[in-house]
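Q:
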Amino acid sequence: MAMAASTLPVLLLLLLLFSLSSAAAAASPAGRSPCFTSLFSFGDSITDTGNQLLLAPDGVLGHCCFPPYGETYFGRQTGRCSDGRLIVDFIAEQLGLPLLTPYPGKLHSNDFPLGANFAEGGATALDFHFLAEKGIYNTHTNLSLQVEIDRFKELLATICSSPSAECKDYLSKSLILLGEIGGIDYNRAFFEDVAADEIIAIVPYVVAEIGKSIKQLVELGAVTILIPGNLPIGCWPGYLTKFWSPNKEDYDPLSGCLVWYNNFAQHHNILLQQEIARLQKLYPHTNLMYGDYYGSATRFHRHPEKFGTFFFESR
């Protein structure tokens, strides 16, 4: 029976993966879960496990490529925009898979049978030229989601004879993490002071690009795809600093976050969920899941005392 498009909070997803992998680990080689035999991920810095470090031109490495990033858990900088592991790392661990190796492109090898990471910090959903026509310039990288998908196709051809029954069987046992992606498109636009109505107008294009990537992956043979939404950007320090307001009404009293920018992120998420639901009907044999990064992050912002030291002071 076909599964309807579902919404999974990130913490619930991790618990689900943990229960699935734990239940069958003893019966699997090296404790690996039989649910998924490989993991592939796409996106930006939220998912990047090292492509930024490998792909950036000399002299323009992002801040995540330097200490103290990676200092505590890995003991060195890995290109992750975190001092520890990322969501994709925890997913891999719960599936009994190794942490994903970055795939910077132009590599043709069979060293990635258990998966690879195509995400790069600064990557956008939309093409560099499309954004430039809208007055949005990404000075960090010209990598877009379609480039990541093309690199995936390149790698897939070295793993199996694409597009063959062998490839479809291989991908039917793979978990695909598609995103988060699109956040950089919006960040660049907001911080370059593009008019709000013009930024709102590109949201359907961003969502359509994500939908196009889902279709390409499904047509290659992917069955299970997790598509995370945007985060509550109104809670990020950069937004809180640049768009500071003297009006208390502009802030969520429970979190101190900027309401308008969080509503914008939710607008993106609503359109994305509608697109996922549309594609689920088009491809009823697939499991297309929406990852609620927004809801999970909001719990941290509104109840920080439940997750560590409480620093927030109400305005």
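Read in order, the letters of the sequence shown correspond to residues -26 to -1, 1 to 289 in mature numbering (1 follows the signal peptide of the UniProt record, and there is no 0). A virtual CB, placed ideally from N, CA and C, is assigned to each residue, including glycine.
Please name the residue in V181, K108, G269 whose C-alpha comes closest to that of A170.
A: Translated into the one-based positions of the sequence shown, residue 170 becomes position 196. Among V181, K108, G269, the Cα nearest to that of A170 belongs to K108.
Q: Mind checking whether F92 and R54 have CB atoms under 7 Å apart?
A: Within the sequence shown, the letter at position 118 stands for residue 92. Within the sequence shown, the letter at position 80 stands for residue 54. No; because the gap between Cβ atoms is not below 7 Å, this pair is not in contact.
Q: Between which two residues does the alpha helix (DSSP H) carrying F86 extend?
A: The sequence position of residue 86 within the sequence shown is 112, counting from 1. Segment: none, F86 is in no alpha helix (DSSP H) and carries neither H nor E.
Q: If you draw a straight line from the alpha carbon of L35 to that of G70, how long is it in whole angstroms?
A: Mapped onto the sequence shown, residue 35 falls at position 61. Mapped onto the sequence shown, residue 70 falls at position 96. C-alpha separation (whole angstroms): 32 Å.
Q: Would you tell me roughly how many angstroms separate the C-alpha atoms of S2 and C38, rounded to the nearest one?
A: If you number the sequence shown from 1, residue 2 lands on position 28. If you number the sequence shown from 1, residue 38 lands on position 64. Unreliable placement is indicated for S2, whose pLDDT of 45 sits below 50; no coordinate value is reported for it.
Q: Mind checking S(-5): buried by the 16 CB within 10 Å criterion, or exposed?
A: Mapped onto the sequence shown, residue -5 falls at position 22. Only weak support is given to the placement of S(-5): the predicted model assigns it a pLDDT of 42, under 50, and the value that follows is read from those uncertain coordinates. By the 10 Å Cβ count, S(-5) comes out exposed.
Q: Once DSSP output is grouped into helix, strand and coil, what is the label at A(-1)?
A: Taking the sequence shown and counting its residues from 1, one reaches residue -1 at position 26. Since pLDDT at A(-1) reaches only 40, below the 50 mark, its modelled position is unreliable, and no value is offered.
Q: Would you list the one or two residues that DSSP bridges to D22?
A: Here residue 22 is taken as the residue at index 48 of the sequence shown, counted from 1. The partner list for D22 (beta bridge, DSSP) is empty, contrary to what the question assumes.
Q: For my contact list, P206 and C231 are in at a C-beta cut-off of 8 Å; report their separation, rounded to the angstrom.
A: What you label residue 206 is simply residue 232 of the sequence shown in a count that begins at 1. What you label residue 231 is simply residue 257 of the sequence shown in a count that begins at 1. The pair is a contact, with the Cβ atoms about 6 Å apart (cut-off 8 Å).
Q: Per the DSSP calculation, T272 is bridged to which residue(s)?
A: Within the sequence shown, numbered from 1, the residue matching residue 272 stands at position 298. Paired residues: none, contrary to the question.
Q: Do you know how far the Cα of I188 is from the Cα of A(-3)?
A: In the sequence shown, residue -3 corresponds to position 24, counting from 1. In the sequence shown, residue 188 corresponds to position 214, counting from 1. With a pLDDT of 38 at A(-3), under the threshold of 50, the modelled position of that residue is not reliable, and the figure given next carries that caveat. Roughly 29 Å separates the two Cα atoms.
Q: Could you work out which residue in L228, L130, Y264 is closest to P278 when comparing CA atoms only?
A: What you label residue 278 is simply residue 304 of the sequence shown in a count that begins at 1. Ranking L228, L130, Y264 by Cα distance to P278 puts L228 first.
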